[in-house]
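In UniProt numbering, the protein residues as written are 1 to 424. Quick reminder that beta carbons are idealized off the backbone N, C-alpha and C, glycines included. Note that the structure is a prediction, hence the values are computed from the model and not measured. What follows is a short report on a single structure.
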């Protein structure tokens, strides 16, 4: 009944939230003399903090209407080019001049770990000027009716393979965080079948390939409890009247609680500073807080079968690095990968996927030639800095683009000169 209680609490708070928002607008109205006083700004700030703390955050938008290509602004249009019950494939279609040499075709596999694909907005924005980007837009499980069936880790791998087939030859795939394991598994299965549509390159970023290496708090939690504990304590049915009524899920609000508890003091300080910025009328700082938390607090449910299988296979059994991972009765063999170039990227201070966990892919993919593999460790960034932020834009993204151009099966000269950081 925990999910139902959460929904009931949200519904009960709705009138208070509406009243708080109305009062906030009244206190901020310039026609109200009180809005120009310290008391008025303080009241408006407190009411906004209350409204935001009790709000349910919907799916954000990518909001990338244009990019810059060859020094010129170019319109960008989001277009769904492939659909399945639990995923849409979005193409960021750029209006390029006719006759221009095509950029690398890139499949960006977004994490299915609680947040929406828009968490990678900064990743898309940084790669878009020199890449033809497609991204997996995973569905919120509570919005998928039971009639659509189940979705587990095997289905996830199937989706990646189907999308690569849809995109055709010379595609480059990037797995960010959680997808590192299913992306590597999908590529290994394709290579074992000598699939002509296997990707030209595979980039794995901050992913849990081998969580026995430098285990983090997330990894240790999975090892300390049996899978039955997770089934009994975090799996719940979707309440009415959601479309996915009675589907068993790992709810987004529980995931968010886990995310925030890892750095609770930081989040409390951030909200305290947000309140202070509002009182001081520091609009820029307040807008940065809103932008970050509008994304961070927007979460989605995961299907129970996907979550439990991932916990068991990836974090408990360590099946992939041990060579024991199975997909629909077939063993996933990373040594079958021979023709797909491999780039692994890690952050020095990653507290989600510890240092060395992603690099482990280089160890288990033994038959990739040395000239087709590269590892890069970005100093002074945590988990989110691996795929977002100034260091990603300045140091990581140029390396990814250069690696993909170098290993395209229809290569184009690399234009960037990259400085800084550490690579191997």
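For residue i, which residues from the same chain have a beta carbon less than 6 Å from its beta carbon, with the 5 sequence-adjacent residues on both sides left out?
i, result
"residue 34", "40"
"residue 106", "131, 133, 172"
"residue 124", "133"
"residue 321", "210, 360, 364"
Secondary structure at residue i, three-state DSSP: helix, strand or coil?
i, result
"residue 61", "coil"
"residue 240", "coil"
"residue 8", "helix"
"residue 394", "helix"
"residue 245", "coil"
"residue 341", "strand"
"residue 154", "helix"
"residue 375", "strand"
"residue 175", "strand"
"residue 202", "strand"
"residue 116", "coil"
"residue 405", "helix"
"residue 254", "helix"
"residue 197", "coil"
"residue 123", "helix"
"residue 66", "strand"
"residue 18", "helix"
"residue 30", "coil"
Below 7 Å CB to CB, which residues in the same chain sit around residue i once its five sequence neighbours on both sides are set aside?
i, result
"residue 77", "93"
"residue 26", "32"
"residue 182", "153, 156, 157, 160"
"residue 279", "41, 42, 45"
"residue 383", "206, 347, 350, 351, 352, 353"
"residue 28", "35, 44"
"residue 246", "146, 237, 238"
I need the straight-line Cα distance from residue i to residue j, nearest angstrom please.
i, j, result
"residue 364", "residue 296", "33 Å"
"residue 388", "residue 128", "14 Å"
"residue 308", "residue 249", "10 Å"
"residue 360", "residue 208", "9 Å"
"residue 223", "residue 10", "33 Å"
"residue 42", "residue 276", "9 Å"
"residue 36", "residue 82", "52 Å"
"residue 425", "residue 229", "This structure leaves residue 425 out entirely; the chain is present only between 1 and 424."
"residue 190", "residue 167", "14 Å"
"residue 121", "residue 62", "6 Å"
"residue 386", "residue 402", "17 Å"
"residue 143", "residue 53", "23 Å"
"residue 99", "residue 70", "14 Å"
What distance in whole Å lies between the Cβ atoms of residue j and residue i, which are believed to be in contact at a cut-off of 8 Å?
i, j, result
"residue 197", "residue 175", "In fact, because the Cβ distance is near 17 Å, the residues do not count as touching under 8 Å."
"residue 202", "residue 109", "That belief does not hold up - the Cβ atoms of residue 202 and residue 109 are roughly 10 Å apart, past 8 Å."
"residue 299", "residue 3", "With 8 Å as the limit, residue 299 and residue 3 do not qualify as a contact, their Cβ atoms being about 13 Å apart."
"residue 150", "residue 89", "At roughly 20 Å, the Cβ-Cβ gap does not stay under 8 Å, so residue 150 and residue 89 are not in contact."
"residue 111", "residue 179", "6 Å"
"residue 141", "residue 18", "In fact, because the Cβ distance is near 28 Å, the residues do not count as touching under 8 Å."
"residue 318", "residue 211", "6 Å"
"residue 404", "residue 169", "Actually they are not in contact, since the Cβ atoms of residue 404 and residue 169 sit about 14 Å apart, beyond 8 Å."
Within its chain, find whatever has a CB closer than 8 Å to the CB of residue i; leave out the 5 residues flanking it on each side and keep chain order.
i, result
"residue 227", "308, 311, 312, 316"
"residue 333", "188, 192, 323"
Per DSSP, residue i forms a beta bridge with which residues?
i, result
"residue 88", "83, 137"
"residue 327", "330"
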